[in-house]
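**Student:** Residue numbers (my numbering), protein chains in the order written: chain P, 1 to 435; chain D, 1001 to 1364.
Glycine is no exception: its CB is placed at the ideal position from the N, C-alpha and C atoms.
Predicted, not measured: the structure shown is a model, and the values here were computed from it.
A single structure is presented below for examination.
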């Protein structure tokens, strides 16, 4: 055992005796490691003296990979970055490409994007809430939140065909308009016609996708109340989160915090308000801020954000219902594929289709940084184009990286159990941190 | 009964007491181990229902064979001994964990039969000793050794942390359990578990047929609550499960165990849960006594009360987040120990004249 212990120089009256810190490898094979985090903890009893995050176990070279795919081909890779809030990654990338191209997204496309951004925010926060509570020991939460996540994945499936890596946003808009029908349960050996009809009705699968989403938004505030009943006023939950990992607003800014991690310290920084993209300036929503910058405030911020997102989704649904039809992706055939029917008859469209799918988009020379308010913070894409059909360089600014980098500062002096609470609240996804 | 046993007694001659004890032990342990097995099923079903799941439902009707399947699987698995482990202690650990949790059952009476001569009822227990409560306290203190030895012998850092937590936690909560039990024995005037139950029978409410109001839980309500919470802590169950702390120290002392060695820890944990629940129903809820006078006493009351406490265990587990290690210590030493000491003093003073006259029908 002695070999495994880490030697540390000691001074003062204890210099004679040999005191060593206990070094603990927290992960990567650990139930609370959230994927593949390896945290080397130096412990004094149960108290953490130093927390050293080791990253890179999920490194896939995404940024380098971008240099060898066309601008369109790279899009699905962004799904794999933060695989918990999928569509928002695509959004930042599309914004960057659109900025370089200097094109506008049709209004309906913008509303659909904003709606799905907020759905992704709820998706990500539900994941966070479930795992955070599960790590702290409230095991029921994760099953409650995953019930709602299931609905959201159904929405993804209906709109894009895939449940997780959707590749729904494209430079210039979104890949297609919202479907008019939802996938339904079918009668089988286990479920009779009547049961299936009832199930389809109770889950609001009878109408369009918008009906399904609206049903969800009606249900969701009640679900939030359920989560809060279990946690917000729970004494144990408060004991475990209040005063844990406190960050002052100044430190939070210095450490490069964004998103709920920053807002929990009391700074109302939100890119949706500060530099509105898409149609956020036309929507009515609030930015919840915390006060103490501890785990509890971050939790409260996120729950409040979910409620705000729900309101944004409602406003989007209202607009989308009032303005049916119209394009959802730019009609510039140099960027987006032409209509299928036109391609069958028109020479021009056929050429466009061929060029677009063999060569890809030609993006004018230049460099651009586009950032969005990702559920975890600011997610930015810095793209450099040399005028070819492939990016010259893509740099991704992930929200989780600076948060994880602050792990040592957050965890120092706390106990092992608090590290677990912090891991939950820091909300890192390793696809995002390691890229 | 005695007439029935007479031929066997003469057959075995001087060995009869040993044989009779063995029979009683088997008659207790087999149902107990079955209860333990089906406790896991009950737990998975109850928590499943609380968590929008169905729980096990594939093995046999309603998944009823699941515990059997689990046991078989664990039996056939290899017990892997890590290369760095201290072999002897590594194997001793689970044995030391399971042995006391089964041995404690020796003094637990599950029912009492009316005596033919109308005297003291004959308890259905392996042994009806006068120091039953002391025996339980002693055995409970041994339980922690299994965990400490397992955690130490594994030679793993997570296991070691688990063992450290276990030694602190289980010892602290034994103190408050001890004081709670002292209150019970003060008002019952006996350390014999059967006598403790019988002493709960009379009381001023019992005269009106509301027997359950004369049980110990009402006069000792704070002790009852403290006892049960301490019992949850003593068995390392949620929200006090820092010893295993799945998301913190993975599984604590059990992290390197596999196969039957691992299963023994689980058996011990569940046997302890049932033990704490059975004790709670004996000491505070009148054991096999009927809550109302128009229903007969019997084993089923005991089973029902124990099941109620076991359900509480699961309910708590599905609801609450886990305490932090130091918060558990704070709760134990700064809240429970002072409360219990104060209450012991209150009860002791109350027992003395001139106050004792206020105790109508209690203890005496």
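Can you list, in chain order, the residues of its chain with a C-beta nearer than 8 Å to that of residue 1006(D)? Leave out the 5 residues immediately preceding and following it.
**Tutor:** Closer than 8 Å at Cβ, skipping near neighbours: no residue.
**Student:** Under 8 Å between the Cβ atoms of residue 43(P) and residue 27(P)?
**Tutor:** No. Outside cutoff.
**Student:** Taking CB distances under 8 Å as the criterion, tell me whether residue 1053(D) reaches chain P.
**Tutor:** Yes, because at least one Cβ of chain P sits closer than 8 Å to the Cβ of residue 1053(D).
**Student:** Closer than 9 Å by beta-carbon distance: list the chain P residues that pair up with residue 1323(D), in chain order.
**Tutor:** What residue 1323(D) touches in chain P: 137, 236, 239, 240, 417.
**Student:** Got a sec? Which residues, its chain only, sit under 7 Å from residue 1167(D) by beta carbon, not counting five neighbours each side?
**Tutor:** Around residue 1167(D): 1144, 1148.
**Student:** Within 10 Å of its beta-carbon, does residue 116(P) have 16 or more other beta-carbons around it, so buried, or fewer, so exposed?
**Tutor:** It counts as buried.
**Student:** Would you kindly report the start and end of the unbroken beta strand (DSSP E) that includes residue 1038(D)?
**Tutor:** No beta strand (DSSP E) holds residue 1038(D); the alpha helix (DSSP H) holding it covers 1016–1050.
**Student:** Examine chain P for any beta-carbon lying closer than 8 Å to the beta-carbon of residue 1059(D), and answer yes or no.
**Tutor:** No, no contact with chain P.
**Student:** Closest Cβ-Cβ distance between residue 185(P) and chain D: below 8 Å?
**Tutor:** No, its Cβ sits nowhere closer than 8 Å to a Cβ of chain D.
**Student:** Can you find the residues in the same chain that come closer than 7 Å, C-beta to C-beta, to residue 1127(D), ignoring five residues on each side of it along the sequence?
**Tutor:** Contacts found: 1106, 1107.
**Student:** Where does residue 208(P) sit, in a helix, a strand or coil, going by DSSP?
**Tutor:** It is coil, neither helix nor strand.
**Student:** Is the CB of residue 1157(D) under 8 Å away from at least one CB in chain P?
**Tutor:** By this cut-off, residue 1157(D) is an interface position.
**Student:** So residue 290(P) and residue 300(P) are supposed to be a Cβ contact under 8 Å. How far apart are they, rounded?
**Tutor:** Residue 290(P) to residue 300(P), Cβ: 6 Å. Contact.
**Student:** Applying a beta-carbon distance threshold of less than 7 Å, which residues of chain P neighbour residue 1238(D)?
**Tutor:** 137, listed in chain order.
**Student:** Does residue 83(P) come out as helix, strand or coil in the three-state DSSP assignment?
**Tutor:** Here residue 83(P) sits in coil by DSSP.
**Student:** Can you tell me whether residue 1169(D) is buried or exposed? The criterion is at least 16 other CB atoms within 10 Å of its CB, across all chains shown.
**Tutor:** By the neighbour-count rule (16 or more Cβ atoms within 10 Å), residue 1169(D) is buried.
**Student:** With a 10 Å radius around its C-beta and 16 neighbouring C-beta atoms as the bar for buried, classify residue 260(P) as buried or exposed.
**Tutor:** Flag for residue 260(P) reads buried.
**Student:** Residues of chain D with a CB under 9 Å from the CB of residue 403(P): which are they?
**Tutor:** By Cβ distance, chain D contributes nothing, its closest Cβ being about 19 Å from residue 403(P), past 9 Å.
**Student:** Any beta-carbon of chain P closer than 8 Å to the one on residue 1169(D)?
**Tutor:** Chain P, which has no Cβ nearer than 8 Å to the Cβ of residue 1169(D), makes this no.
**Student:** In angstroms, rounded to a whole number, what distance separates the CA positions of residue 1090(D) and residue 1101(D)?
**Tutor:** Residue 1090(D) and residue 1101(D): Cα-Cα distance of roughly 18 Å.
**Student:** Is the Cβ of residue 50(P) closer than 8 Å to any Cβ of chain D?
**Tutor:** So no, residue 50(P) is outside the interface.
**Student:** Of all the residues that make up the region 1316–1343 of chain D, which are near chain P by a beta-carbon distance shorter than 8 Å?
**Tutor:** For the region 1316–1343 of chain D, which is checked against every Cβ of chain P, the residues closer than 8 Å are 1317, 1318, 1319, 1320, 1321, 1322, 1323, 1324, 1325, 1326, 1327.
**Student:** To which residues does DSSP link residue 52(P) through a beta bridge?
**Tutor:** The partner list for residue 52(P) (beta bridge, DSSP) reads 40(P).
**Student:** For residue 1310(D), write down the residues that DSSP places opposite it in a beta bridge.
**Tutor:** Bridge partners of residue 1310(D): none, in fact.
**Student:** Taking a Cβ distance cut-off of 8 Å, strictly less, list which residues of the region 132–165 of chain P are near chain D, in chain order.
**Tutor:** Hits within the stretch, in order: 133, 134, 135, 136, 137, 138, 139, 140, 143, 144, 147.
**Student:** How is the alpha helix (DSSP H) around residue 1104(D) delimited, first residue to last?
**Tutor:** That residue, residue 1104(D), is in no alpha helix (DSSP H); it is neither H nor E in DSSP.
**Student:** Report yes if the C-beta distance between residue 1173(D) and residue 1249(D) is below 8 Å; otherwise report no.
**Tutor:** No, the Cβ-Cβ distance between residue 1173(D) and residue 1249(D) is not below 8 Å.
**Student:** Could you spell out the range, first to last residue, of the alpha helix (DSSP H) harbouring residue 395(P)?
**Tutor:** Unbroken run through residue 395(P) is the beta strand (DSSP E), 393–397; no alpha helix (DSSP H).
**Student:** Could you please tell me which residues of the region 1242–1270 of chain D, in chain order, have their CB closer than 8 Å to any CB of chain P?
**Tutor:** Of all residues in the region 1242–1270 of chain D, 1242, 1245, 1246, 1247, 1248, 1249, 1250 have a Cβ within less than 8 Å of some Cβ in chain P.
**Student:** By the criterion of Cβ-Cβ separation under 7 Å, what are the contact partners of residue 42(P) in chain D?
**Tutor:** Per Cβ cutoff of 7 Å: no residues; residue 42(P) is ~12 Å from chain D at best.
**Student:** If we define contact as Cβ-Cβ less than 8 Å, is residue 1273(D) a contact residue for chain P?
**Tutor:** For residue 1273(D), the answer is no, since every Cβ of chain P falls outside 8 Å of its Cβ.
**Student:** Please return the same chain residues whose Cβ sits closer than 6 Å to the Cβ of residue 377(P), not counting the five positions on each side in sequence.
**Tutor:** Closer than 6 Å at Cβ, skipping near neighbours: 258, 259, 399.
**Student:** Give the straight-line distance between the Cα atoms of residue 1287(D) and residue 1202(D), rounded to the nearest whole angstrom.
**Tutor:** Spanning the two alpha carbons is a distance of roughly 14 Å.
**Student:** Among 46(P), 203(P), 34(P), 35(P), which residue has its Cα nearest to the Cα of residue 23(P)?
**Tutor:** Answer by Cα proximity: 46(P).
**Student:** Report the three-state DSSP secondary structure of residue 218(P) (helix, strand or coil).
**Tutor:** If DSSP states are grouped into helix, strand and coil, residue 218(P) belongs with the helices.
**Student:** Using the rule of at least 16 other Cβ atoms within 10 Å of the residue's Cβ for burial, across every protein chain shown, is residue 160(P) buried or exposed?
**Tutor:** Buried: at least 16 other Cβ atoms inside 10 Å.
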